[in-house]
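Visitor: Listed in order, the protein sequences are those of chains F and V. Each residue of the first sequence is one higher than the one before, counting from -4 in the numbering used here. Each residue of the second sequence is one higher than the one before, counting from 5 in the numbering used here. Note that beta-carbon positions come from the ideal geometry of N, C-alpha and C, so glycine has one too. Quick caveat: nothing in here was measured; it's all calculated off a predicted structure. Before I ask anything, here is the structure I am working with.
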Amino acid sequence: MTEPVLLILTSLADRPRHGYALLRDIESLSGGRVRMSTGTLFGALRRLLDDGWIERFELEDTSRQKQAYRLAGLGRRQLHQEFDRMKQLTRAGLARLRTSEAI
Amino acid sequence: MNRAYQFLLLLYPREHRDQFAEEMIRVFEEASAERRARGHAWYIRFAFAEMNGLIAGAADAWRDRGQAPSAPEQTLPGELAEAQRLVDMNIAAMVHAIANHQFQKARLFSDQERQAREHLRVLREKYGRYNDEYGMPC
């Protein structure tokens, strides 16, 4: 899973978001490290929609209706798997670091 | 800047533009206003990243499109579909060359694309298909 995809799915994990809200949330999630361009964002959204990991959602906005996106069941399962994989890798990596530092 | 953004959006395949162009422009305008408020340096960096992102995004979109079966092509007569594919391939190659700063190559693909489009126009007349996939006059 690429970093833009991981960040988009993570951003949608708690609630639906429209494009600009996604950009802002991703910047905040990554501690300001990732400032995604609209080209990257919408390219990733297109692929995620095609793969059925996310779906479109009409979000009521105070000023105007905005097209939003939400996590689909398949996307949620993929995100869980990715976090499990990262947890496992983190555990293994930290264990190796501790072992090498103890020597 | 908005005009440059809209112009670069033309590099994307039509399906992508139909699906996302309006939304991309709106998000770009919102992000643009916010970066401008942060200061000149922020805005310049943002504008540069956006333009690069669009060119790379267009190249990806054409590549993805080449891998997926295209619905309109399936309904077109053989030689028309082939001519359409040739136009698509040249556009994809041109976008890829621009993204890699190979401007001489890009010009070559642009010339080839113009010839391929002219051939496509002739075939469209032959088959009475005037609905250009790119929304441009045949």
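In its own chain, which residues sit with a C-beta less than 6 angstroms from the C-beta of Leu1 of chain F, not counting the 5 before and 5 after it?
Guide: Same-chain partners within the cutoff: there are none.
Visitor: Whose Cβ in chain F lies nearer than 7 angstroms to the Cβ of Met28 of chain V?
Guide: Correct list: Thr33, Phe37.
Visitor: Using a C-beta to C-beta distance shorter than 9 angstroms, which residues of chain F count as neighbours of His105 of chain V?
Guide: What His105 of chain V touches in chain F: nothing, since even the nearest Cβ is about 17 angstroms away.
Visitor: Using a beta-carbon distance below 8 angstroms, is Pro73 of chain V in contact with chain F?
Guide: Low per-residue confidence applies at Pro73 of chain V: pLDDT is 47, beneath 50, and the placement is therefore not dependable, though the value from the model is reported in the following sentence. No, Pro73 of chain V lies away from the interface with chain F (no Cβ there is under 8 angstroms from its Cβ).
Visitor: Hey, would you say Val31 of chain V sits closer than 8 angstroms to Thr33 of chain F, going by beta carbons?
Guide: For Val31 of chain V and Thr33 of chain F, yes; Cβs fall inside 8 angstroms.
Visitor: Going by CA-CA distance only, name the one from V:Gln119, V:Val91, V:Glu122, V:Val126 that's closest to Arg18 of chain V.
Guide: For the residues V:Gln119, V:Val91, V:Glu122, V:Val126, the minimum Cα distance to Arg18 of chain V belongs to V:Val91.
Visitor: Looking only at C-alpha atoms, which of F:Leu69, F:Leu44, F:Pro(-1), F:Phe52 sits nearest to Glu29 of chain F?
Guide: In the sequence as displayed, the identity of residue 29 of chain F is Val instead of Glu. Closest option to Val29 of chain F, Cα to Cα, is F:Pro(-1).
Visitor: Find the residues of chain V that neighbour Gly47 of chain F, judging by a C-beta separation of less than 8 angstroms, and give them in chain order.
Guide: Residues of chain V passing the Cβ test: none, with the nearest at roughly 14 angstroms.
Visitor: Strictly by DSSP, which residues pair up with Phe52 of chain F?
Guide: Bridge partners of Phe52 of chain F: F:Ala63.
Visitor: Alpha carbon to alpha carbon, what distance is there between Ala103 of chain V and Asn56 of chain V?
Guide: Taking the straight line joining both Cα atoms gives about 8 angstroms.
Visitor: So Glu38 of chain V packs on Tyr9 of chain V, CB below 8 angstroms; how close in whole Å?
Guide: Not really, about 15 angstroms apart at Cβ, beyond 8 angstroms.
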